[in-house]
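So the mapping is simple: our numbering equals the position in the sequence shown, first residue as 1, plus 23. C-beta: ideal position from N, C-alpha, C; glycine also. None of the values given here were measured: they were computed from a predicted structure. Since the structure comes first, as structure tokens, the remarks are kept for the end.
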Amino acid sequence: MPRPARYDTDTILDAALAEFDAVGARGLSVAGVARALGAPSGSLYHRFPSRDALIGTLWLRAAEGFQAGYLQRLAADRPAIDCAVDGALHVLRWSRARPVEARLLVVYRWQDLVAPEWPEEIATRARATAAALDEGLRGIAARLLPEDPEALLRVRWALTSIPYSAVRPGLADGRPIPPALDAMVERAVRAVLLQGAERGA
């Protein structure tokens, strides 16, 4: 009977996240993570045969974890404008709770993971993650602005560009995201989306 793996995938990814926090994306390596764990490099290369596979899997864990809560908020059984605001604020709250993972998502976009040099499994999961996000944004756009021809443009701006621009400077510099930004983001999101609702009425 084969022995169970000493380090499960999440343990390895947790160590990789700590290594990313310490040395940045360019310094992250499978060998460095193995040293941090006190594990033979070969045991990690068996699970993650390349640096790309390690970073891609780490990115996807963060993206899928963030997106689960984000999409749940957009699809909640509440007034659509409240769902939209809650989704935007989730970006700030999640980024505060998981700043290192949030910084990883700022450094690498999903498009960076579908280049030919990335493992196909990573690219496939990245495309699926992007498709789920697109579906969620289209769904809230249809609920909120059914008569507005610019509905999807407005929703993308309000629910991605606005909150992402609020968190990006702090994440890039390692500074806390100011609590005062929540109210600013909410006002901006409501202004963009309610203006669209008035135009479509």
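Query raised in the report: With a CB to CB cut of under 8 Å and the five nearest residues on each side skipped, what residues in its chain are close to Val56?
Result: Ile35, Ala38, Ala39, Glu42, Leu67 and Leu77
Query raised in the report: Looking at the structure shown, is Arg26 part of a helix, part of a strand, or coil, going by DSSP?
Result: Only weak support exists for where Arg26 lies, its pLDDT of 47 falling under 50; the coordinates are left without a value.
Query - As assigned by DSSP and simplified to three states, the class of Ala99 - result: coil
Query - C-beta atoms of Val114 and Pro186 nearer than 8 Å - result: yes
Query raised in the report: Going by C-alpha distance, which of Ile163, Pro192, Glu173 and Ser184 is nearest Pro102?
Result: Ile163
Requested in this report: Buried or exposed for Ala195, please, with buried defined as at least 16 other CB atoms from any protein chain shown within 10 angstroms of its CB.
Outcome: With fewer than 16 other Cβ atoms inside 10 Å of its own Cβ, Ala195 counts as exposed.
Query raised in the report: What is the DSSP secondary structure of Tyr131, reduced to helix, strand or coil?
Result: coil
**Report entry** Segment contact flag, the segment 155-162 with the segment 93-112, C-beta cutoff 8 Å, min 3 pairs
**Finding:** At 8 Å Cβ cutoff, the stretches touch.
Query - C-alpha distance - Thr146 paired with Val178, whole-angstrom precision - result: Per the sequence shown, residue 146 should be read as Ala rather than Thr. Each residue's Cα considered, the two are about 26 Å apart.
Requested in this report: Less than 8 Å between the CB atoms is what I'm expecting for Leu128 and Phe89, so what's the real figure, rounded?
Outcome: 7 Å
**Report entry** Between the CA atoms of Gly92 and Tyr131 - distance to the nearest angstrom
**Finding:** 20 Å
Query raised in the report: So is Val105 buried or exposed if we call it buried at 16+ other beta carbons inside 10 Å?
Result: Note that residue 105 is Asp in the sequence shown here, rather than Val. By the 10 Å Cβ count, Asp105 comes out exposed.
Query - Simplified DSSP assignment, three categories, for Leu51 - result: coil
Query raised in the report: Roughly how many angstroms separate the alpha carbons of Leu216 and Ala111, rounded to a whole number?
Result: 12 Å
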